[in-house]
Amino acid sequence: MKSRSIFAAVVVLVLIVTVLAFINQKGIKVTGSEAVSGALLIKAGGNEKKLEFQDIKALNPLEFKATQDTSDSGPEDHVFKGVLLKDVISGAFLEDELKNASKVIVKAIDGYTVALSSEEVREPDNVYLAFEKDGKPLGSKADGGSGPYQIIIKKDRFSQRWCKFVTEVSIE
Ligand SMILES: Nc1nc2c(c(=O)[nH]1)N[C@H]1C(S)=C(S)[C@@H](COP(=O)(O)O)O[C@H]1N2
Ligand SMILES: [Mo]
């Protein structure tokens, strides 16, 4: 009798864990293969909008110059192409949320996360969601690239916040 109820309890626990794992997995909205194809999730409060690569390219891509300075490179100027992050957010109809937010959290497929202030995101020529560098697509993590999207912050002297492999933008 006793071992039966222990068995029943184990079955119930396994079911609960499975259901919770499933719910949490659904909470990670952009999967690896979707990220490679250029899906991007924009979150604000309870709102979640998924933009595809063609949606981003249809916004207002601009070419701009920025100086990349990482731990293993000296300062190098590159020409990037991308959309201002604020225009991506407006494209998801979340510009009011951005105005009322204090920060924007950007997350990548490798777990790397950067925090931006709402003010800096709203600057006219500073924070971009780039998808090309020197005329070539950024490429994915799997093929040694830094995309499909990378945050480029022109005013950041070093590139720690130049988040590669971006999958999610959360307005908080
Ligand atoms: N997704 C992601 N982005 C990232 C990092 C990272 O580990 N993961 N490292 C940051 C740091 S500390 C630096 S110096 C640069 C490194 O850029 P590089 O790979 O072009 O040299 O990327 C930044 N962006
Ligand atoms: Mo770094």
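Counting with our numbering, you get residues 115 to 286 for the letters of the sequence shown. The beta-carbon is built from N, C-alpha and C at its ideal position, and this holds for glycine as well.
Between Tyr242 and Leu198, the C-beta gap is smaller than 7 Å, which places the two residues in contact.
When only Cα atoms are considered, Glu233 and Ser216 end up about 8 Å apart.
When the Cα atoms are used, Gly259 and Gly253 turn out to be separated by approximately 4 Å. Remark: C-beta atoms of Phe245 and Gly261 approach each other more closely than 7 Å. Cβ-Cβ distances below 7 Å link Ala153 to Val144, Lys164 and Glu166 in the same chain, with the five nearest sequence neighbours on each side left out; the list follows chain order. Secondary structure of Lys195 (DSSP, three-state): strand. About 5 Å separates the beta carbon of Val228 from that of Val220, a gap short enough to meet the 8 Å contact definition.
At a cut-off of 6 Å, the beta-carbon of Gln182 does not count as near ligand 2: no heavy atom of the ligand is closer than that.
In the three-state reduction of the DSSP assignment, Gly261 falls in the strand class. Proximity of the beta carbon of Gln274 to ligand 2 is indicated: a heavy atom of the ligand is located closer than 6 Å. DSSP, read as helix, strand or coil, puts Lys200 in helix. Just so you know, the alpha carbons of His192 and Lys268 end up roughly 11 Å apart. Residue pairing by DSSP places Asn161 opposite Ala158 in a beta bridge.
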